[in-house]
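In the UniProt record's numbering, the protein residues as written are 1 to 366. Ideal placement from N, C-alpha and C gives every residue a C-beta, glycine not left out. All remarks here apply to the structure that follows.
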Amino acid sequence: MKLFFLYIMLFPLQLIAQELLLNGGFEEENICSEYKVNCAPEAWIYTVPSYFYYYKDRGLAHGGEHFVSIIAGHAKKPYYRTFIRSRLLCGLRKGHTYELRFFIKSLHPILDSIGVYFTSYDFLFEKEPYKKITPTLYLEDAVQRPSKSSSWQQIVFHYKATGSESFISIGNFSKGDITGPTGLNRENNYFVLLDDISLRPTDVREQLCPDWKNTMEAIYAQDERHEYLGREIKEAKNKPLQTVRPSVTQIQKIDTLVLPDVLFATNSFGLTPAANKILDSLIISTKKFFVDSIQVHGHTDNRGSYIANEILSQKRALSVLDYLQPHFNRNIQANGWGSSKPVADNNTPAGRQRNRRVEIYLYVRE
């Protein structure tokens, strides 16, 4: 009689950190309410009702075709600056760390003046003069800071959240003014270009909040960009700022259950009584948890044909799925990987036995 050891372990690398900003590459075009044309990016709104900040040029963009610009100063107008803002899909968890990345570019050595401002309210309706606001982050505080270059540069922040973040805004938050001749023919604006903005939790177990789809729909439904937006901003100036408190991200844990090859009939996908007993124990043990989803991955060694191994691994994964499905009212997916993902050396009998397995990933919400 053989004794088989069943083990459950945390397997965080199976998760990918969730993006908390929509359309960070600006490729999705908004159809504005006023003119019914695609003159602005979805999800990102300029603080000045205008369309002269959205560009389509594959040769100039960092990635894709689109990028945006903000104005950090003006040759003749004092304290003239513009900002771009977006709403987060989910609130940030207090005390947790998030990685903010974006690419920035300017012909002028002014990037240290650019800052990032997280707010609980919509920055479009900000009542304080911009020059009096202290941003959450300055580019000079970044892990990866800008250099004196006119090319695209990547900026990276590691930000510890306060738990009050609902919106993000980027622009010139310096107390001093950027003014005087720009050095460019017929150009009075000090432009700064932005592209590929991303905000993700550093903990890959941190997943999107339950109502992220509703928030996404609300963000995409905001189509005002010109006169209608200007009217909305003007009306809001006389009203108290409204704080938005979105649901925060969720923490997920992944438990991994590995069924060895010996729990299946020889060269078959049928489950043995021992396998059924183990799966029954799994079903009982997870009743006290909230299981978001389950993934079942079948694997083989490299003996035999590639196609035959792939078919066998898929059928074994489906056998497990069929057994679990009646007990979980959740999304369950099965995949067969054949011999493509070994965990041991296929040149030894012991290694091949380890590679013949079915892995069950349970995504559990904490």
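Reduced DSSP category for residue i - H, G, I as helix; E, B as strand; rest coil
{"i": "I178", "result": "coil"}
{"i": "P260", "result": "strand"}
{"i": "Y7", "result": "With a pLDDT of 35 at Y7, under the threshold of 50, the modelled position of that residue is not reliable, and no figure is offered here."}
{"i": "T215", "result": "helix"}
{"i": "I278", "result": "helix"}
{"i": "D255", "result": "strand"}
{"i": "I110", "result": "coil"}
{"i": "K341", "result": "coil"}
{"i": "F118", "result": "strand"}
{"i": "E29", "result": "strand"}
{"i": "Q14", "result": "Caution applies to Q14, whose pLDDT of 41 falls short of 50 and renders its modelled position unreliable; the value that the coordinates give is listed next. Correct three-state label for Q14: helix."}
{"i": "Y53", "result": "coil"}
{"i": "A265", "result": "coil"}
{"i": "Y80", "result": "coil"}
{"i": "I360", "result": "strand"}
{"i": "I284", "result": "helix"}
Residue of the options minimising C-alpha distance to residue i
{"i": "Q250", "options": "N30, R205, E235", "result": "R205"}
{"i": "H327", "options": "H66, P342, V343, I294", "result": "I294"}
{"i": "R245", "options": "G304, T179, I110, T119", "result": "T119"}
{"i": "Q154", "options": "S164, L194, H66", "result": "L194"}
{"i": "S340", "options": "D301, K234, P349", "result": "D301"}
{"i": "Q144", "options": "Y138, F157, Y117", "result": "F157"}
{"i": "H62", "options": "F103, G270, P49, V37", "result": "F103"}
{"i": "K148", "options": "I133, D177, P109, D122", "result": "P109"}
{"i": "T134", "options": "L318, Y121, K76, Y117", "result": "Y117"}
{"i": "Y361", "options": "Y306, T348, S313, H297", "result": "H297"}
{"i": "S33", "options": "Y228, K105, R58, Y98", "result": "Y228"}
{"i": "S150", "options": "K105, L312, Y138", "result": "K105"}
{"i": "K77", "options": "T162, G163, N188", "result": "N188"}
{"i": "S313", "options": "A40, I168, S164, G270", "result": "G270"}
{"i": "G59", "options": "G183, T47, Y79, W152", "result": "W152"}
{"i": "D196", "options": "V364, W44, G230", "result": "W44"}
{"i": "Q353", "options": "N329, V258, L279", "result": "V258"}
{"i": "A218", "options": "A40, C90, A275, F52", "result": "C90"}
{"i": "V364", "options": "T286, L324, Q325, P349", "result": "T286"}
Rounded straight-line distance, which links the Cα of residue j to that of residue i
{"i": "T266", "j": "Q333", "result": "24 Å"}
{"i": "N309", "j": "R316", "result": "11 Å"}
{"i": "M1", "j": "V262", "result": "Interpretation of M1 is limited by its pLDDT of 26, a score under 50 that renders its predicted location unreliable; the figure taken from the coordinates is listed afterwards. Roughly 12 Å separates the two Cα atoms."}
{"i": "I170", "j": "I114", "result": "7 Å"}
{"i": "S322", "j": "S281", "result": "Sequence inspection shows Asp at residue 322; the Ser mentioned does not correspond to that position. The alpha-carbon atoms of D322 and S281 are separated by roughly 16 Å."}
{"i": "F4", "j": "P260", "result": "Residue placement at F4 cannot be trusted, given a pLDDT of 32 that sits under 50; the coordinates are not used to answer."}
{"i": "T179", "j": "K213", "result": "43 Å"}
{"i": "D203", "j": "K277", "result": "34 Å"}
{"i": "V320", "j": "N335", "result": "11 Å"}
{"i": "residue 369", "j": "G24", "result": "Because residue 369 is not part of the residues shown, which for the chain are 1 to 366, the question remains open."}
{"i": "E99", "j": "G176", "result": "28 Å"}
{"i": "A221", "j": "L208", "result": "20 Å"}
{"i": "K94", "j": "V248", "result": "9 Å"}
{"i": "I84", "j": "V68", "result": "9 Å"}
{"i": "A75", "j": "P210", "result": "47 Å"}
{"i": "D223", "j": "K36", "result": "10 Å"}
{"i": "E27", "j": "K56", "result": "9 Å"}
{"i": "Q18", "j": "T256", "result": "21 Å"}
{"i": "I283", "j": "G338", "result": "26 Å"}
Buried versus exposed call for residue i [16 or more other C-beta atoms within 10 Å across all chains shown]
{"i": "R186", "result": "exposed"}
{"i": "Y159", "result": "buried"}
{"i": "G64", "result": "exposed"}
{"i": "E126", "result": "buried"}
{"i": "I31", "result": "exposed"}
{"i": "P201", "result": "buried"}
{"i": "E42", "result": "buried"}
{"i": "N355", "result": "buried"}
{"i": "Q242", "result": "exposed"}
{"i": "F290", "result": "exposed"}
{"i": "I71", "result": "buried"}
{"i": "D345", "result": "exposed"}
{"i": "residue 369", "result": "Since the displayed the chain opens at 1 and closes at 366, residue 369 lies outside it and no answer follows."}
{"i": "E235", "result": "exposed"}
{"i": "T162", "result": "exposed"}
Residue i - containing alpha helix (DSSP H), residue span
{"i": "Q353", "result": "349 to 355"}
{"i": "L324", "result": "306 to 324"}
{"i": "R231", "result": "227 to 236"}
Opening and closing residue of the beta strand (DSSP E) in which residue i lies
{"i": "A334", "result": "331 to 336"}
{"i": "A40", "result": "38 to 41"}
{"i": "N189", "result": "189 to 201"}
{"i": "R205", "result": "Premise fails: R205 is in no beta strand (DSSP E) and is neither H nor E."}
{"i": "F83", "result": "83 to 87"}
{"i": "E99", "result": "97 to 105"}
{"i": "G171", "result": "167 to 172"}
{"i": "Y159", "result": "153 to 160"}
{"i": "I71", "result": "66 to 74"}
{"i": "Y46", "result": "44 to 46"}
{"i": "Q242", "result": "Counting along the chain, Q242 falls outside any beta strand (DSSP E), and DSSP gives it neither H nor E."}
{"i": "Q295", "result": "290 to 299"}
Any non-hydrogen atom of the ligand ATP closer than 7 Å to residue i Cβ
{"i": "G163", "result": "As for the ligand ATP, it is missing from this structure, which has no ligand bound."}
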